[in-house]
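My numbering numbers the first residue of the sequence shown as 769 and each following residue consecutively. Backbone N, C-alpha and C define an ideal beta-carbon position, used for all residues, glycine too.
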Amino acid sequence: MSPVVATLRDLATRHGEKTVRGLAPTLVVDDPTGWIPASDLIGGAGLANFLAAAEQRWKAQPHVAAALAWKCYSYWLALPALIGYAGARRVPLPALDDVLVRYSEHQPFLRLALRRPFVAVLESDPLAAGRRPGVLVQQDDAALLRELKRALVDDHLEALMAGIRERVHVGRRTLWGSLASGVAHALYRAADSVPGPILPLIDEVLAALGVDDLVDITTDPATGGLHIARRTCCLAFTLPEPKVCKGCCIR
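Spelled out as structure tokens, the structure:
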């Protein structure tokens, strides 16, 4: 995990500790005491308690709190895998049983860690030698991204979304829009910490995850910077103290 942790630390150095505050400092924790397995959050009392904490954190209606909890959770869940892919083509896969969670009714709401890092790598990666346990070897970037989608979207976030939507009325498009926006912002923020041009990378990852139609990304001709505009709203504008995010589709 060292290349992933090193890139996250570089991100914190360049942009401040807030950019990594939703992750355990070492990313992997050996002692799970005080942490909740992500698999406990996809239904039953575990999910009910998680959503109740979100209502208290944001003082929001249940569906709004759920949407904001999802936005926060999906961002921090995806970040290590995104950084791993962009920086070293070494992707920690966020399996439900391997992700650990802490949450609070106060800010910061959430922190995530990994218990047993399981990584997908290319055949050229030193970890591929000897077919080590916990290492999944893939032929190319496209295969790496398919594994990322399977672990992040198909096996993890789809289960959480199903649990959320059984309890509150919030649309799939709204929730996937938060993932799309989070992926784009996370990779753009990491532009100085990973090799290569960032816009093609963002487009590649969004398409692989199946959420590329939920954000519009344009380049400012004056600054060369990217403007990331959502096509859905995270509902933060409905809070007691309304927040309109940069790039929100509602103005």
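- In the three-state reduction of the DSSP assignment, T987 falls in the strand class, which pools E and B.
- Note that the C-beta distance between L880 and H924 is not below 8 Å.
- The C-beta distance from L916 to V859 rounds to 5 Å, short enough to meet the 8 Å contact threshold.
- DSSP places H995 in the strand class (E or B) of the three-state scheme.
- Just so you know, the alpha carbons of L845 and D908 end up roughly 23 Å apart.
- Linking I932 to A820 through their CA atoms gives a straight-line distance of about 12 Å.
- The alpha-carbon of V867 is positioned some 8 Å away from that of R884.
- Note: V887 is bridge-paired with P860 and V903 in the DSSP secondary-structure output.
- Unbroken beta strand (DSSP E) stretches of 3 residues or longer found wholly inside the stretch 787-845: 791-796, given in chain order.
- Where V869 is concerned, the enclosing beta strand (DSSP E) starts and stops at V867 to Y871.
- In the three-state scheme derived from DSSP, where H, G and I count as helix and E and B as strand, L850 is classed as helix.
- Pairing A813 with T801, the inter-Cα distance amounts to about 19 Å.
- When rounded, the separation of the alpha-carbon atoms in Y841 and L904 is 25 Å.
- Within the model, the alpha-carbon separation for C1001 versus V936 is close to 16 Å.
- Secondary structure in the stretch 952-988: the beta strand (DSSP E) runs of 3 residues or longer, each lying completely within the stretch, are 983-987 in chain order.
- L943 and P901 have their alpha carbons spaced roughly 34 Å apart.
- Counting the other Cβ atoms within 10 Å of the Cβ of S872 gives fewer than 16, which makes it exposed.
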